Amino acid sequence: MFKNQIGRNMEVYIDDMLVKSVKEQDHVKDLKECFQILRAFGMKLNPAKCTFGVRGGKFLGYMISERGIEANPEKISAIMNMRPPKLIKEVQKLAGKLASLNRFISRSADKGLHFFKILRGAAKFEWDKSSQEAFDALKRYLSSPPLLTKARTGETLYLYLAISGNAVSSVLVQQENREHHPVYYVSRMLQGAESRYSQIEKLALSLITAARKLMPYFQSHQVVVLTNHPLKQVLASPEVSGRMVKWAVELSEFGVEFQPRPAIKAQTLADFIVELAYDEAGISTPSWSLHVDGSSTLTRSGAGIVLESPEGDKFEYAIKLEYPSSNNEAEYEALLAGGELALAAGARKIVIYSDSQLVVNQIQGLFETRDEKMAKYSQKAKNLLEKFEEASVIQVSRTENAVVDQLAKLASSMAAIQNRKITFLSSERAAIEEKEEIMCDQHLSAGRERSSIS
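Using the working numbering, read the sequence shown as starting at 73 and increasing by one per residue.
What follows is the structure in structure tokens.
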């Protein structure tokens, strides 16, 4: 009936209809158009359930006005008037009421964490001090909930991502007068193994969760993800994590773009970012391990890398260096490439193992660096290590570094290796040059695509 009006001057959901007008003088014309269609189909309206000429009202449980979208005051009052729960059933009611307001609540999963934990351990009810503090904090937040803005047709929308130890969250925003105003908040608890994901994987999970939840927005608007993390690079090179492949393919249909996160001006968004900073106070972040080695022959050079996550996942790389380099330079190339891969994987703490006495001692400042090229490599390695929260470089024997030694020799001389899945990379220029580029080889001698040998 209203296919030509829906989205333009009408909204319809089952038996609820809303006639809307951008300009007051157009409202009578829009109503006339609606009535003509009703009359053509022989439909009648109940006057007792109709309201005309208002600037706002309740629609689908939300308060809609020219200011934006507000939470239903009745739903907020239901929580504000609650007394501290004394039974599991009362906690269940609280969780249900909280869920009905999720789109208005910044990091709702984190705010409701204490309540969900009580429900998980339903056999034993305990409302402790921390639960009461969370309950009081929720009421303070709901005393002045944010006003959500309506996404304008054709406007670019922006997405902020944030994670905590227990949840992933995001907020979709629209720019107005150089400020970002929230359109929709999304948040959910981490389940099972998700809590052990690396930081970059949690950010990717936050993005894919938002894309699934807000699919109509992603399909009808250009969405730009604002983040200072290398999320775009990781999704473009998903060999770092197998689960990233599925997410990258799923996100590809939306044409999502990525930009650095700007300074936050709107107070509601500032609170979102501050509250959702990756905070693991009191939780020890496990370290990643990185074994590196370089190999140089008369005809070519190569680097071997074995990156291992705290969960035991191993990623092996053989890098063919497409330029003349000494053995020490190949050792540095392996360390620098491995460090960048670790950062892309979300590592925050790392222990690097190398059998090169020169490289290890130069980085630690124990050996003087006289050669200009070695000095550049040493400084670049130190700058890279500063990007980690904690980083250490340890010298090991060749025996302890046998696996990466094989990979380095494989890349430099095509040596045979046991059947394992190995990613082959190709580097066309030294890491200390201004432009860096690591390309993947489809074959060992030619090509520019990622490949693996099993």
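Glycine included, each C-beta is placed from N, C-alpha and C at the ideal position.
These numbers come from a predicted model, not from an experiment.
query                                                                                                                                                                             : result
So, is residue 82 buried or exposed, given that buried needs 16 or more other C-beta atoms within 10 angstroms?                                                                   : buried
When you compare only the Cα positions, how much space is there between residue 247 and residue 218?                                                                              : 16 Å
Give me the Cβ distance between residue 407 and residue 423, rounded to the nearest whole Å; I'm assuming they're in contact under 8 Å.                                           : No, residue 407 and residue 423 are not in contact; Cβ-Cβ is about 12 Å, not under 8 Å.
Among the candidates 446, 403 and 445, whose CA atom is the shortest distance from the CA of residue 467?                                                                         : 403
According to DSSP, simplified to helix, strand and coil, what is residue 412?                                                                                                     : helix
Between residue 329 and residue 294, is the Cβ-Cβ spacing less than 8 Å?                                                                                                          : yes
I need the DSSP call for residue 377, collapsed to helix, strand or coil.                                                                                                         : strand
Answer with buried or exposed for residue 207, where buried requires no fewer than 16 other C-beta atoms within 10 angstroms of its C-beta.                                       : buried
Among 113, 95 and 123, which residue has its Cα nearest to the Cα of residue 532?                                                                                                 : Missing from the structure shown is residue 532; the chain here goes from 73 to 526 and no further.
I'd like to check one pair, residue 410 with residue 377: are the Cβ atoms closer than 8 Å?                                                                                       : yes
Could you give the residue range of the beta strand (DSSP E) that holds residue 260?                                                                                              : 251-261
Can you list, in chain order, the residues of its chain whose CB lies under 6 Å from that of residue 303, leaving out five sequence neighbours each side?                         : 275
Drop a sphere of 10 angstroms on the beta-carbon of residue 316, count the other beta-carbons inside from all chains shown, and report buried for 16 or more, exposed for fewer.  : buried
Does the segment 379-389 come into contact with the segment 360-368, if we say contact requires no fewer than three beta-carbon pairs (one atom in each stretch) closer than 8 Å? : yes
Does residue 125 pass the burial test, meaning 16 or more other C-beta atoms within 10 Å, or should it be called exposed?                                                         : exposed
Quick one: what's residue 296 bridged to in DSSP?                                                                                                                                 : 230 and 329
Looking only at its own chain, which residues have a Cβ that is under 7 Å from the Cβ of residue 258, when we skip the five neighbours before and after it?                       : 241, 242, 281, 282, 285 and 286
Tell me, please, which residues DSSP counts as bridged to residue 387.                                                                                                            : 379
Suppose the cutoff is 8 Å on Cβ atoms and the five residues either side in sequence are ignored; what does the same chain contact list for residue 130 look like?                 : 136 and 144
Shorter than 8 Å from the beta carbon of residue 502 to some beta carbon of chain C?                                                                                              : In the displayed structure, chain C is absent; only one protein chain is listed.
With DSSP run on the structure shown, which of helix, strand or coil describes residue 349?                                                                                       : No answer about residue 349 holds up, because its pLDDT of 47 lies below 50 and its placement is not dependable.
Spatial neighbours of residue 450 within its chain, please: CB distance less than 7 Å, with the 5 preceding and 5 following residues excluded, ordered by chain position.         : 434, 435 and 441
Determine, using beta carbons only, whether residue 197 and residue 159 come nearer to each other than 8 Å.                                                                       : yes
Which one of 279, 412 and 190 has the shortest CA to CA distance from residue 459?                                                                                                : 412
For residue 285, list the residues DSSP reports as bridge partners.                                                                                                               : In the DSSP output, where bridge partners are listed per residue, residue 285 has none listed.
Give the secondary structure of residue 69 by DSSP, where H, G and I count as helix, E and B as strand, and everything else as coil.                                              : Lying before the first or after the last residue shown, residue 69 is absent from the chain, which here runs from 73 to 526.
Who pairs with residue 458 in a beta bridge, going by DSSP?                                                                                                                       : Note: residue 458 sits in no beta bridge, so no partner.
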